[in-house]
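In what follows, a single structure is set out as structure tokens and then discussed.
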Amino acid sequence: VRFPVYGGILSKKVGEVKAVDDISFSIGRSEIVGLVGESGCGKTTVGRAMINILKYIAADVEVDGQILYHFDRSNVDFAKLHPRSMREFRSRVQMIFQDPYASLNPRMTVSQIVEEPLKIHTELKGPQRREKVITLLEKVGLREDQAGRFPHEFSGGQRQRVGIARALAPSPDL
């Protein structure tokens, strides 16, 4: 992935930086992997590539021997990918974002935030979803009585837990 590098106040392009090049790894079922490196080395870029939120990248993401997506460096317009394929992909691959506050909707309660992927990616009905939300919150160390609060009412670490609960909600493979 190449990103333009700009210099000066007026943002004049002065070159490009190759953020990630020729990276390959596999993660086994139930395996936990940490991506470690210096600031700016491409950890977030790799994560974003894996969950299909980067444009203009060459990548394959394979889960259980099935390629969930493959594309080359040509112009890939994610908006034109088949919605059913994207919905299945997003139910199987989730990301916990580095900045929990920026990734949580401030107008939604924690319960609504965690419930949203359940509405989209599961067949669970209202009471079942509510029960699953409480189970997920408890799994990450939050209490049931905190479900009605908004993100700004939590500490940074608690917000991160909300993001983890949301990512776990659809029971993703990755």
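Going by the UniProt record's numbering, the sequence shown opens with residue 1, and the numbers climb by one from there.
Using N, Cα and C, we set each Cβ at its ideal position, and we do this for glycine too.
Pairwise C-alpha distance: residue j and residue i
i	j	result
P127	V162	20 angstroms
N105	P151	8 angstroms
M108	Q160	15 angstroms
I51	L35	15 angstroms
I96	E62	19 angstroms
I32	R149	30 angstroms
Simplified DSSP assignment, three categories, for residue i
i	result
I164	helix
Q66	strand
L118	helix
A169	coil
V133	helix
A147	coil
E113	A small fix is needed here, since residue 113 is Ile in this sequence, not Glu. Three-state DSSP puts I113 in a helix.
K108	This sequence places Met at residue 108; Lys is not what is there. Three-state DSSP puts M108 in coil, outside helix and strand.
Sub-8 angstroms separation of residue i and residue j beta-carbons
i	j	result
V140	A102	no
L136	R129	no
L174	V93	yes
V114	A49	no
Top-ranked residue by Cα proximity to residue i, from the options
i	options	result
T45	D21, Q66 and G65	D21
T122	C41, S91 and A167	S91
E144	Q112, I67 and G156	Q112
F25	G47, C41 and M108	G47
D64	G156, M95, F89 and E38	F89
Would you list, in sequence order, the uninterrupted alpha helix (DSSP H) runs of no fewer than 4 residues that lie entirely inside the segment 16-50?
43-50
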